[in-house]
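According to our numbering, the sequence shown is numbered sequentially starting from 15.
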Amino acid sequence: MDGTPDDASVAIRDASPRIITIVCAVLLVAHVSLRLYYGTLKDGLDAVALGLTVVGLSPWIAAIIKSLKFGGIEVTFQEVQRQVKEQGLELRHTRFLLAQLIPEWEVRHLMRLDAREPFVMDDPAIQGQLQHLFYMGFIRSRAHPEQRTGFLDKVPLDADVHEYCEITTTGRKYLKISREARDMISAPDVGAK
């Protein structure tokens with residue numbers, strides 16, 4: 015899934031204001047009818063009727079009115095909606111970039127180091143991939159954690175990588191955040207437009 019909303023979620027989101035208004039209208043009619051039936055309508059509008067009216071009209075008011083000032087409180091509807099949309103877009107971009115920071119096969123190497131499952135360096139390309147993880151600060155030398163270069167050159171092919179390197183705290187944090195970002199990207203994003 016590419017993180018774009020499908021037609022059904024867009025249709026639901028676009029219909030939400032109408033659904034809210036219709037539900038509130040039906041409840042308002044039922045409430046007023048019951049008050050009329052029991053003879054309490056002559057007392058005027060009550061808090062329930064007023065509340066249903068406000069909630070039913072609120073999606074439309076927010077789209078029309080720029081701001082509302084009542085007492086000492088000012089609410090700016092359109093500005094808040096614009097900021098929410100901008101932040102949602104920025105968040106989706108950040109999730110995508112985080113999930114793509116390192117290639118999938120390097121993420122799998124990190125997961126294997128973290129899980130302590132057998133990890134044999136049976137391909138010379140793995141050495142370069144591990145070197146990238148090392149430069150990112152996600153793994154370090156097991157024998158010499160302070161070592162900054164060259165330890166992977168000494169790892170023979172067919173060796174268990176666990177004997178030579180280990181995942182760092184930063185690597186574990188990246189794995190956790192990367193998993194969450196990838197899960198969010200693969201989940202349908204109902205709020206996206």
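Think of the CB as a built atom: it goes at the ideal place given N, C-alpha and C, for glycine as much as any other residue.
With respect to the C-alpha of Thr-184, the residue from Met-125, Gln-141, Asp-197, His-176 having the closest C-alpha is Met-125. Per the C-alpha coordinates, the member of Ser-47, Pro-132, Leu-144 positioned closest to Phe-165 is Leu-144. Comparing alpha carbon positions, the residue from Leu-111, Ala-157, Lys-99, Ala-139 closest to His-176 is Ala-157. Note that the C-beta distance between Tyr-188 and Phe-152 is below 9 Å.
Residue nearest to Leu-112 within the set Arg-193, Gln-97, Ser-30, Trp-74 is Arg-193 (criterion: CA-CA distance). Per the DSSP secondary-structure output, Val-68 pairs with nothing in a beta bridge. Counting along the chain, Glu-120 sits inside no beta strand (DSSP E); it lies in the alpha helix (DSSP H) bounded by residues 118 to 129. The beta carbon of Gln-141 is closer than 6 Å to those of Leu-166 in its chain, skipping five residues each way along the sequence. Of the other Cβ atoms in all chains shown, fewer than 16 fall within 10 Å of the Cβ of Ile-36; this residue is therefore exposed. Contact between Ala-29 and Gly-70 fails: their C-beta atoms lie close to 15 Å from each other, not under 8 Å.
Under the three-state reduction of DSSP, Asp-137 is assigned to coil, being neither helix nor strand. Looking at the DSSP output, Cys-38 sits in no beta bridge, so it has no partner there.
Counting only unbroken stretches of 4 or more residues, the alpha helix (DSSP H) elements lying wholly within the segment 142 to 203 are 183 to 200, in sequence order.
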